[in-house]
Amino acid sequence: MHSTGESHGQSASELNPGLEEWLKGFGSKAEELLQSRERMAGLLESVVAVAEDLSLDAVLERVVKSACRLLHAQYGALGVIGKDQALSHFITVGIDGELSRQIGPLPTGHGVLGLLISDPRPLRLHDLREHPESYGFPANHPPMHSFLGVPVRVREVVFGNLYLTEKEGGGEFTAEDEALAVALAAAAGVAIENARLYDDARRRARWLESSMDVSGLMLSTDRDYTSGGLDPIAGRALHESASDLALLVAPEAKSPGHVVIGVAGERGPVFSGRSLELESERLEGVLEGGEPVLFDDASEVLGEIDAAVTGPLLAVALSTQGAHHGLLLLARNKNSVRYARTDIEMGAVYGSHVALALELARMHRLREELLVFTDRDRIARDLHDLVIQRLFAAGLSVQSLTRFTKDELALERIRAITGELDGAIRSLRDTIYSLKSSSGETELLSGRIRRVTKSSAKTMPFAPRLIITGPVDAVPADKADNVVAVVSEGLSNAIRHSGADSISVSVAVIKGQVTVVIRDNGSGFTDPEKRNGLINLEDRARMLDGVCVITSTPESGTSLEWSVPV
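Under the working numbering, the first residue of the sequence shown is numbered -4, with each subsequent residue one higher.
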């Protein structure tokens, strides 16, 4: 009984020593499972929080805040990788504005932060100060020890890096922390991509709305925009592209340079009304109506006019269907980010809308001029056919009175009246001549080229394609006549002999040369020198110190290039 009583007085652990260890292990596992469940719930909550907003800036800030909350980090940051593999943006959590000002400039990606840029893999450190790549901390920077960094990828491209420091409680980040950070970074990549797509769509919509607005504004008034008054148009482009300077430049009528006809931005008045010698050869394609060109340094195009505007520059052609009206130049200050693809593509759309409005305004002005010239022709014809004939008849009638009188006083008076009538007739003829010649003198070279091309098209089943580039209307009168003759003769040869179903005519003034290029896809010929119709074109070029090059291949068409200095 005694022994039985002793056995009843023993504890369970004394009866089974392994049971206590098993219970401890079970409790630890249960606690780990509970913590894992809480962390997974926290991760899910963080993913949802990150995806709640479609604003890119808001998404980036939510990513950092969610990471700090999920992984119990005191400080967090997200560095966005820009050009030259440097950090272009740095979003921080845990450091307020005043402390940030005391610390100074934000990091650009050196030291430990740069490791994830050069080698985008998760990095976990017990004490980042002990790492050989550590640069140390600037003055007033809070102390930091434990470190966890993971790359954030968007469509398999590293967008930036998520940095976390100072694990709460003084511990270090664990492998589980790293796994959670990687998962959050993956979710952040999706959220960032969605935000970028949304931001891109919204910006494109704004660009398109501005394009429609400026077209409506320019077409709703009778104002002549070709010589200025385009500041509001430049202003809309400045706003939509987040630029610091916007210029609208047009070819000068009497020189190969360009004149600024619209400005916007704080530095805009520096350029207003100025003549610019656009210096970069890369602009030639844009001036001919090509694709936009992006420059890293605005001084490549604008020279040293304004040292403040030396950041990226976007050059967009103001062209539509062969009509070229100049360039839209958008520039940012030094150290600014490059223009995004959205700005490049929608800037081109904006430029085409402005060019179309300018072309329609020009056509409207030409139509009004044509009405004036037509009215002048009618007046001249009426003066000649009606007034002059009646005056002439009246003069004859007065002169016939000399047969009915011998009075010298009367005869003198008859001769005076006849002389006055003759003078009136001469004055009217001078007026008729001035009416007709003024309408002819007003026609610009570009208009004469279009008229000749249109006239040639009357005998063809299709219209030739015409492209006019540069300050064509500034070509001197003697050479302008030759240009018109070359276009007329070249088109005539192509129409009569080539059998083509496509002909293009290009007239350009670039770098002090006026060049006419006429191409067809006709039958071609083997010996250009035997084509008598082309000898005259070569003679014209030779007389003006120019060149005329004719290339032709049977069944592949003919190309005529005629160029003389201006």
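Backbone N, C-alpha and C define an ideal beta-carbon position, used for all residues, glycine too.
On a predicted model such as this, the values are computed, not experimentally measured, just so you know.
Its chain contains N135, P137 as the residues whose beta carbon lies nearer than 8 Å to that of L94, once the 5 sequence neighbours on both sides are disregarded; these appear in chain order. As the crow flies, the alpha-carbon of I444 is around 13 Å from that of T510. With respect to the C-alpha of P264, the residue from A293, E276, E56, L242 having the closest C-alpha is L242.
By the beta-carbon neighbour count (other beta carbons within 10 angstroms, threshold 16), R96 is exposed. Annotated three-state conformation of Q316 is coil, per DSSP. Under the DSSP assignment, D226 falls in the alpha helix (DSSP H) whose first and last residues are 226 to 236. N477 counts as buried, since at least 16 other C-beta atoms from the protein chains shown sit within 10 angstroms of its C-beta. The way I'd put it, the segment 153 to 173 does touch the segment 107 to 121; three or more beta-carbon pairs between them come closer than 8 Å. Distances from the CA of E407 to each of Q394, G77, G418 were compared; the closest alpha carbon is that of Q394.
Under a 10 Å Cβ-count criterion, K162 is classified as buried, with 16 or more other Cβ atoms of the shown protein chains found around its own Cβ.
According to the DSSP secondary-structure assignment, V244 is paired through a beta bridge with V255, L322. Taking the Cβ atoms as the reference, F387 lies roughly 6 Å from I420, within the contact range of under 8 Å. Closest by C-alpha distance to S314, out of S294, D338, S347, is S347.
For R124, the closest C-alpha among the options M139, V254, L353, N330 is that of M139.
Looking at E247, V58, V504, L278, the one whose alpha-carbon comes closest to that of S270 is E247. Within the model, the alpha-carbon separation for S558 versus L225 is close to 34 Å.
For S501, the enclosing beta strand (DSSP E) has its first and last residue at 498 to 505. Rounded to the nearest whole angstrom, the C-alpha separation of P133 and S141 is 18 Å. In terms of Cβ geometry, I462 and S501 form a close pair [threshold 8 Å]. Taking 8 Å as the cut-off, the beta carbon of L322 is found no closer than this to the beta carbon of V349.
Excluding the 5 residues flanking it on each side, G252 has same chain C-beta neighbours closer than 7 Å at S270, L271, E272, in chain order. Annotation for K60: the continuous alpha helix (DSSP H) segment containing it runs 51 to 66.
Its Cα nearest to that of L120, the residue T169 stands out among T169, G164, L73.
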